[in-house]
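>
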Amino acid sequence: MSPAPKPPVKTGWSIGIVTPRIGLNIAVIATLAVVPAYAALTGNAFALTLFTRVVILAIAALSLNLIMGFGGMVSFGHAAYLGIGGYAVGVLAKEGIGSGFVQWPIAIAAAALYALVVGALSLRTRGVYFIMITLAFAQMVYYVAIGLDRYGGDDGLTIYHRSGFGGLIDLSNRTLFYYLCFGLLLAGTYLVWRIVNSRFGMVIQGARSNERRMRAIGFPTFRYRLVCFVIAGAMCGLAGALLANHTDFISPAMMHWTRSGDLIVMVVLGGMQAMFGPLIGALTFLVLEEGLSRLTEYSNLILGPLLLVVAISIHGGIDGLIVGRRSG
Amino acid sequence: MAEALLEIDGLTKRFGGVVAADEFSLMLPAGELHAIIGPNGAGKSTLIGQLTGEVAPDSGRIRFDGLEITNLPVYRRSQLGLARSFQVTTLFPDFTALDNVALSVQAHSGHSFRFWSDARSEIALREPARTALARVGLAERAATLVADLSHGERRQLEIAMALAGRPRMLLLDEPMAGMGPEESIRLVEQLRALKGAITVMLIEHDIDAVFALADRISVLVYGRIIATGDPAAIRSDPAVREAYLGEGAADG
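In order, the protein sequences belong to chains E and G.
According to the working numbering, the residues represented by the first sequence are 1 to 328, in order.
According to the working numbering, the residues represented by the second sequence are 1001 to 1252, in order.
#1: How is the beta strand (DSSP E) around G:Ala1083 delimited, first residue to last?
#2: Classify G:Leu1170 as helix, strand or coil using the three-state DSSP reduction.
#3: Could you have a look at G:Ala1142 and say whether DSSP puts it in helix, strand or coil?
#4: Please list, in chain order, the chain E residues whose beta carbon lies closer than 8 Å to that of G:Gly1165.
#5: Just the C-alpha distance for G:Asn1071 and G:Ile1036, rounded to the nearest angstrom, thanks.
#6: Bridge partners for G:Thr1199 per DSSP, in chain order?
#7: How close, in whole Å, do the beta carbons of E:Pro36 and E:Thr175 come, if the pair is a contact with beta carbons under 8 Å?
#8: Quick check on the DSSP output: the alpha helix (DSSP H) that includes E:Met140 runs from which residue to which?
#9: Output yes or no for whether 8 Å exceeds the beta carbon distance between E:Tyr114 and E:Gly233.
#10: Interface residues of chain G around E:Tyr190 at Cβ under 7 Å?
#11: Could you please give me the residues that DSSP links to G:Phe1024 through a beta bridge?
#12: Under 8 Å between C-beta atoms, does G:Asp1173 make it to chain C?
#13: Run through DSSP, which three-state label would E:Leu303 get?
#14: Consult DSSP for G:Thr1096 and reduce its assignment to one of helix, strand or coil.
#15: So, is G:Thr1052 buried or exposed, given that buried needs 16 or more other C-beta atoms within 10 angstroms?
#16: The beta strand (DSSP E) that contains G:Ile1226, what's its start and end?
#17: So, G:Ala1162 versus G:Arg1126, is the Cβ gap smaller than 8 Å?
#18: Only counting runs of 4 or more residues, tell me where the alpha helix (DSSP H) segments fall wholly within the region 1093 to 1137 of chain G, in order along the chain.
#19: Counting pairs of beta carbons, one from the region 208 to 219 of chain E and one from the region 127 to 144 of chain E, are three or more of them closer than 8 Å?
#20: Would you give the residue range spanned by the beta strand (DSSP E) that G:Ser1059 belongs to?
#21: Just tell me which of G:Leu1006, G:Ile1203, G:Gln1156, G:Ser1059 has its CA closest to the CA of G:Asn1100.
#22: Count the other C-beta atoms from every protein chain shown that fall within 10 angstroms of the C-beta of G:Ala1232, then say buried if there are 16 or more, exposed otherwise.
#23: Which one or two residues does DSSP pair with G:Ile1037 in a beta bridge?
#24: Would you verify that the beta carbon of G:His1108 is, or is not, closer than 8 Å to some beta carbon of chain E?
#25: Quick check: the region 1221 to 1230 of chain G against the region 1073 to 1090 of chain G, are at least 3 beta-carbon pairs closer than 8 Å?
#26: Is it buried or exposed, E:Arg150, if we count other Cβ atoms within 10 angstroms and call 16 or more buried?
#27: If you draw a straight line from the C-alpha of G:Leu1170 to the C-alpha of G:Phe1095, how long is it?
#28: Of all the CB atoms in chain E, is at least one closer than 8 Å to the CB of G:Ser1078?
#29: Going by beta carbon distance, what residues of the same chain come within less than 7 Å of E:Ser327, once the five residues before and after it are set aside?
#30: Once DSSP output is grouped into helix, strand and coil, what is the label at E:Thr11?
#31: Say whether the region 85 to 105 of chain E touches the region 297 to 317 of chain E, bearing in mind that this needs 3 or more beta-carbon pairs closer than 8 Å, one atom from each stretch.
#32: I need the straight-line Cα distance from E:Met1 to G:Leu1080, nearest angstrom please.
#33: Can you tell me which of G:Leu1213, G:Ile1198, G:Ile1203 puts its alpha carbon nearest to the alpha carbon of G:Arg1186?
#34: On the three-pair Cβ rule with 8 Å, is the region 1200 to 1214 of chain G touching the region 1027 to 1036 of chain G?
#35: Can at least three beta-carbon pairs, one atom from the region 1218 to 1225 of chain G and one from the region 1040 to 1048 of chain G, be found at a separation below 8 Å?
#36: To be precise: take each residue of the region 1117 to 1129 of chain G, compare its Cβ to all Cβ atoms of chain E, and keep it if any distance is under 7 Å. Which residues remain?
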């Protein structure tokens, strides 16, 4: 049998060294960097609110991309980590512990611990079973939160003071808070980039591609996947702490299963395995959602089919569209 | 006789009423190239599964290099130096050929809880991987995605990955399957070059290749070895001729 040469990979067009992907990423990051200035100049405070939300949910989507995009672990309960991180901040605030130096590490640790338990049980299963178990755990956490009468139960809990960091940074300054979230997003993206290209990342990606083979060449895949799951959980717990500070409010709705679905949509929309895919996905999703809800109260009737078309027709999400990734 | 590297003692495995391994026993001295042949359904895949750890035997013991491995998980056996190739090519299609082999090197160079430095620029992983690729004649295809390799090249890559872990022993599960005649000949030459340096258990349908390569051959029928011996002895064994080779098939 002779080698069957295939046509070279289509890499799309470029202007100098600026490929479309780099161009888009730079444009998105530059836009996000000037949002506070725009909001201040135009007096449009809502823009800052919307984009703070975009950046925070992009961190959540980033963590989901690590396990789902790179690791092939489709978690349908990722909003639970947002909730756990948020509740850690809210509950501690209510109990009189207002320091962010306490609240945030606890938010991260609680989410990581939850990920360890969920991962240890769910990672023994595959495919649709994995999806259902992660969903079931998230629903459990959701109903536990509803049952927490002291912390508002179904109605949720208002947080009267944002996390305090002494004189270091005042989170009630909305511009500063925005830049903190934005900085954490960029740092998180860099961290994920380092992880997926490290030895650890090779194991995670290999296990996505062919786990049986990974074991056959000598990798105990379970422990690597579990650690990856915990890293993602911790990162999303931080996003939850940010979200609670952003809305000054926590409620079980933070971790409703539809929110987990939204995060999956953001990752797929932006392009799985694309470094800035989660950010672009979160941006597109939330801006579309906001814009359409102003046009009509039936916005989901438009948004839903639109996302479906994107998911079916564009292989690799927006990133795939821009880069011209091969389909199939 | 040299010291036994692999000792299989009384291995038995039933699937419902089907006996896939029936008191299977075999000793492989270090350095031997031992072929297992047998008709379809003889239990060859079950044997491979039990040796690699994907199938748990009902009874019996497997010792590798003096160590009992009967109940060890798949990855531990690989780390001990028992490497395998797959009958159906199973690689990492979205990685390059070099990435595939480098993963195999990585599996045998300590733990992989290293989160920061770029694995693709680690000389400690890339150099041994290049050497293994060159050994099977794939040096020039290092940067090619597995998805773009031909069938024969993928089979060679399988062997490069098995070699990259510096195994004590290779389990080759029908390495010639689906290869053209020229590719088969090249692979036979490459396997011949490994002889002596590495212990090999070769499970193969290509009788010509088996008789050309093997030091000893075992014939497996219904989970049981009906004969073990050098190629000449197997060729002339009447029970083998009846059960497997068929009358007149042994003169080729």
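From the three backbone atoms N, C-alpha and C, an ideal C-beta is built for every residue, glycine too.
So, from the listed chains and residues:
#1: Start at 1 with the first residue of the second sequence, and residue 1083 of chain G comes out as number 83. First-last of the beta strand (DSSP E) with G:Ala1083: 1082 to 1085.
#2: Sequence index remark: in the second sequence, residue 1170 of chain G carries index 170 (1-based). Three-state DSSP puts G:Leu1170 in a strand.
#3: In the second sequence, residue 1142 of chain G corresponds to position 142, counting from 1. Residue state, collapsed to three classes: coil.
#4: Stepping through the second sequence from its first residue, residue 1165 of chain G is reached at position 165. Neighbours of G:Gly1165 on chain E, chain order: Ile217, Gly218.
#5: Here the question's residue 1071 of chain G lines up with position 71 in the second sequence. Here the question's residue 1036 of chain G lines up with position 36 in the second sequence. One C-alpha to the other measures close to 23 Å.
#6: To locate residue 1199 of chain G, count along the second sequence from 1; it is residue 199. For G:Thr1199, which the question treats as bridged, DSSP gives the partners G:Met1169.
#7: Position 36 of the first sequence, counting from 1, holds the residue named residue 36 of chain E. Position 175 of the first sequence, counting from 1, holds the residue named residue 175 of chain E. About 4 Å separates the two Cβ atoms, so the contact holds.
#8: Residue 140 of chain E sits at position 140 when you count from the first residue of the first sequence. Run containing E:Met140: 127 to 146, per the alpha helix (DSSP H) assignment.
#9: Position 114 of the first sequence, counted from the first residue, corresponds to residue 114 of chain E. Position 233 of the first sequence, counted from the first residue, corresponds to residue 233 of chain E. A contact, by the Cβ cut-off of 8 Å.
#10: Counting from one through the first sequence, the residue named residue 190 of chain E turns up at place 190. Residues of chain G passing the Cβ test: none, with the nearest at roughly 11 Å.
#11: Start at 1 with the first residue of the second sequence, and residue 1024 of chain G comes out as number 24. Note: G:Phe1024 sits in a beta bridge opposite G:Leu1011.
#12: Here chain C cannot be found, since the structure's protein chains are E and G.
#13: For the purposes of this step, residue 303 of chain E is taken as the residue at position 303 of the first sequence. It is helical.
#14: Translated into the one-based positions of the second sequence, residue 1096 of chain G becomes position 96. DSSP places G:Thr1096 in strand when its eight states are reduced to three.
#15: The sequence position of residue 1052 of chain G within the second sequence is 52, counting from 1. Here G:Thr1052 is buried: its Cβ has 16 or more other Cβ atoms, across all protein chains shown, within 10 Å.
#16: Looking up residue 1226 of chain G in the second sequence gives position 226. Where G:Ile1226 is concerned, the enclosing beta strand (DSSP E) stretches over 1224 to 1229.
#17: Taking the first residue of the second sequence as 1, we reach residue 1162 of chain G at position 162. Taking the first residue of the second sequence as 1, we reach residue 1126 of chain G at position 126. The answer is no: Cβ separation not under 8 Å.
#18: 1097 to 1107, 1123 to 1135
#19: no
#20: Position 59 of the second sequence, counting from 1, holds the residue named residue 1059 of chain G. 1059 to 1064 is the extent of the beta strand (DSSP E) around G:Ser1059.
#21: Numbered from 1 along the second sequence, position 100 holds the residue referred to as residue 1100 of chain G. Here the closest residue by C-alpha is G:Gln1156.
#22: Along the second sequence, one-based indexing puts residue 1232 of chain G at 232. Burial call: exposed.
#23: To locate residue 1037 of chain G, count along the second sequence from 1; it is residue 37. Paired residues: G:Val1219.
#24: For the purposes of this step, residue 1108 of chain G is identified with residue 108 of the second sequence, where counting begins at 1. Judged by the 8 Å Cβ criterion, G:His1108 is in contact with chain E.
#25: Contact between the region 1073 to 1090 of chain G and the region 1221 to 1230 of chain G is absent, because fewer than three Cβ pairs lie under 8 Å.
#26: If you number the first sequence from 1, residue 150 of chain E lands on position 150. By the neighbour-count rule (16 or more Cβ atoms within 10 Å), E:Arg150 is not buried but exposed.
#27: The count along the second sequence starts at 1 and reaches residue 1170 of chain G at position 170. The count along the second sequence starts at 1 and reaches residue 1095 of chain G at position 95. Distance between the alpha carbons of G:Leu1170 and G:Phe1095: 23 Å.
#28: Within the second sequence, the letter at position 78 stands for residue 1078 of chain G. Chain E, which has a Cβ nearer than 8 Å to the Cβ of G:Ser1078, makes this yes.
#29: One-based indexing of the first sequence puts residue 327 of chain E at position 327. With a pLDDT of 42 at E:Ser327, under the threshold of 50, the modelled position of this residue cannot be trusted; read the value that follows with caution. Contacts found: His315.
#30: Here residue 11 of chain E corresponds to residue number 11 of the first sequence, with the count starting at 1. For E:Thr11, the predicted model reports a pLDDT of 49, less than 50, meaning its position is unreliable and no value from the coordinates is stated.
#31: no
#32: Here residue 1 of chain E refers to the residue found at position 1 of the first sequence. Here residue 1080 of chain G refers to the residue found at position 80 of the second sequence. Any answer about E:Met1 is weak, because its pLDDT of 40 lies below 50 and its placement is not dependable; what the coordinates show is given next. Straight-line Cα distance between these residues: approximately 35 Å.
#33: Sequence index remark: in the second sequence, residue 1186 of chain G carries index 186 (1-based). Checking every option, the nearest Cα to that of G:Arg1186 belongs to G:Leu1213.
#34: Taking 8 Å as the limit for Cβ pairs, the verdict is that the region 1027 to 1036 of chain G does touch the region 1200 to 1214 of chain G.
#35: yes
#36: Ser1117, Asp1118, Ala1119, Arg1120
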